[in-house]
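Letter by letter, the sequence shown follows residues -17 to -1, 1 to 143 of mature numbering (1 follows the signal peptide of the UniProt record, and there is no 0).
Beta carbons: idealized from backbone N, C-alpha and C, even for Gly.
Since the model is a prediction, treat every value here as computed from it, not as a measurement.
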Amino acid sequence: MILLLLNICLIWTAGNPRVTPEVTRDVCLLARMMAANLYFSQIEDLMFELSMWRCNDELLSRAHELHRSSKKDAKHYIEFWKQIPPNEPYRVILGDVRDKLYSTRERARQLLANGISEIPEETTFTNVEQFLEPLEMCYRSLCSCGDRAIADGSLLDFLR
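Shown next, in the form of structure tokens:
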């Protein structure tokens, strides 16, 4: 009786034999795609809202750096498909976030479909800190420039 019970416990703790490491990997890639897709549309919404030009030096410096290094071949997005002008620093920052979300989604899609991707990992988000850092910088900049009411709107809701 004890031996039988032990066998049952061993079978139970082994888990579902159909859930292989490959299945777990595919589920994680699918979840990453879905999250990137959801965040992509929310970032575009924020790009519409944050059209102001006043910002702190930290954000302005990053926006100029991104604008100088941005590629001229814009992806074919529905909104903001041309290069964002440098006098819209929040949109420049959010545009970079959007580009990385696009790359994150496409890399996950390619890995799921083919097992390999031509999109370099360094053009994607690989952890939550990379994703939150530019958004938190936008929040700090808005607050320091007297636009706390705007910062505490959709941007803060998204950060939560």
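Nearest neighbour of residue i, chosen from the options [CA to CA]
i: E116; options: A132, I99, I102 and L138; result: L138
i: L49; options: G78, Q25 and A19; result: G78
i: E119; options: L142, I26 and A46; result: L142
i: R92; options: A14, V2 and I76; result: A14
i: K83; options: N97, L94 and T109; result: T109
i: F114; options: A134, C128, D135 and S86; result: S86
i: V6; options: S124, L94 and E104; result: L94
Beta carbon of residue i nearer than 9 Å to that of residue j
i: C126; j: P72; result: no
i: M30; j: R88; result: no
i: W36; j: N70; result: yes
i: E27; j: R90; result: no
i: I76; j: L42; result: yes
Residue environment, residue i, which counts as buried when at least 16 other CB atoms sit within 10 Å
i: G111; result: Before going further, note that residue 111 is Val rather than Gly in the sequence given. Flag for V111 reads exposed.
i: I99; result: exposed
i: L33; result: buried
i: L21; result: exposed
i: C11; result: exposed
i: T106; result: exposed
i: R51; result: exposed
i: P131; result: Position check: residue 131 holds Arg in this sequence, whereas Pro was assumed. Exposed.
i: S44; result: exposed
i: T3; result: exposed
i: S24; result: exposed
i: A46; result: buried
i: A19; result: buried
i: A96; result: exposed
**Request:** For the stretch 55 to 110, list the alpha helix (DSSP H) runs that are entirely contained and at least 4 residues long, ordered along the chain.
**Result:** Every alpha helix (DSSP H) of 4 residues or more that sits fully in the stretch 55 to 110 is shown, in chain order, as 72 to 97.
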